[in-house]
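Novice: The opening position of the sequence shown corresponds to residue 0 in numbering that gives the first Met the number 0, with each subsequent residue numbered one higher.
We put the beta carbon where it would ideally sit given N, CA and C, even for glycine.
Pasting a structure below so you can have a look.
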Amino acid sequence: MTAKSLAELADAGLIDPSWVEPLAPVADDIAAVGERLRAEGQPYLPAGDLVLRAFRTPVDEVRVLIVGQDPYPTPGHPIGLSFAVDAHVRPLPRSLANIYRELDDDLGIAPAPHGDLSAWAAQGVMLLNRVLTVAPGQPASHRGWGWERVTAHAIQVLVERDRPLVAVLWGKDAGNLGPLLGETAIVSSAHPSPLSARRGFFGSRPFSRINALLEEQGADAVDWRIPA
């Protein structure tokens, strides 16, 4: 993939134009994963036009980075934003339900009836999975394919800007990104999954902590409410 190809993705609305130049150093990695997906000829998630959706938030507008692992492996669920699902999905994934529970406990915001977190993305919250695709029904099946290099580079791009940023690292995998983040403000805890939420996620008050760290940096707080 070339910078021209990235520009074509931007022209198609698949990424924001502001990411074309920053992603150029990993354009070949993006192309290599795409070629592997086509060569294998097997279904993958999310849909092709949503794989890079996290990059629709303009580079300079990102003020919160929430790092996930890989997309939900259930067809119809992932929408290219970490922890989010399509608005029609019921019941909500348990990790997301736990995030909503903590949001209520932290800020008194009642759980939304759906799991589409686009309202957060629209405010500069980048919901970025480390791995951007997955085979249906096979969690973590595309780890090691090259997405990690792409997303690590994107994180470095955000860190190197001279702009407010808070990184949210839930769980051990996300916590391993610490060395990439330099002096970036970090909110970390156990993962919100049912296996670990009671080991440090519940009661961690991440949303109020994020907003306090943003305000310390001179940025506006995030409105964490999600319209029904």
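Just list the residues that DSSP pairs Trp146 with in beta bridges.
Specialist: Partner(s): none; Trp146 has no beta bridge.
Novice: For the beta strand (DSSP E) holding Ser188, just list the boundary residues, first then last.
Specialist: Ala184 to Ser188
Novice: Could you please give the first and the last residue of the uninterrupted beta strand (DSSP E) stretch that includes Gly67?
Specialist: Val63 to Gly67
Novice: Spatial neighbours of His113 within its chain, please: CB distance less than 6 Å, with the 5 preceding and 5 following residues excluded, ordered by chain position.
Specialist: Ala86
Novice: How is Trp234 classed by DSSP in three states: helix, strand or coil?
Specialist: Nothing about residue 234 can be read from this structure; the chain reaches only from 0 to 227.
Novice: For Leu127, name the three-state secondary structure that DSSP assigns.
Specialist: strand
Novice: Check the C-beta distance from Val167 over to Pro70 and give it rounded, since I have them as a contact under 8 Å.
Specialist: With a Cβ gap of about 18 Å, Val167 and Pro70 do not count as contacting.
Novice: What first and last residue would you give for the beta strand (DSSP E) that runs through Val32?
Specialist: Element bounds for Val32: not the beta strand (DSSP E) but the alpha helix (DSSP H), Ala26 to Glu39.
Novice: Taking the DSSP output, what are the residues bridged to Ala134?
Specialist: Gln137
Novice: Please list, in chain order, all residues of the same chain as Thr183 whose beta carbon is under 6 Å from its beta carbon, the five residues on each side excluded.
Specialist: Val158, Leu164 and Ala166
Novice: Under 8 Å, do Leu126 and Ala83 count as touching if we go by C-beta distance?
Specialist: yes
Novice: Secondary structure at Ala86, three-state DSSP: helix, strand or coil?
Specialist: coil
Novice: Once the 5 residues before and after Ala196 are set aside, which same chain residues still bring their CB inside 6 Å of it?
Specialist: A distance below 6 Å between beta-carbons, with the five flanking residues on each side excluded, links Ala196 to the following residues of its chain, in chain order: Asn97.
Novice: To the nearest angstrom, how far is it from the Cα of Met0 to the Cα of Asp28?
Specialist: Any reading at Met0 must be qualified, since the residue scores a pLDDT of 49, below 50, and its modelled position is unreliable; no value is offered.
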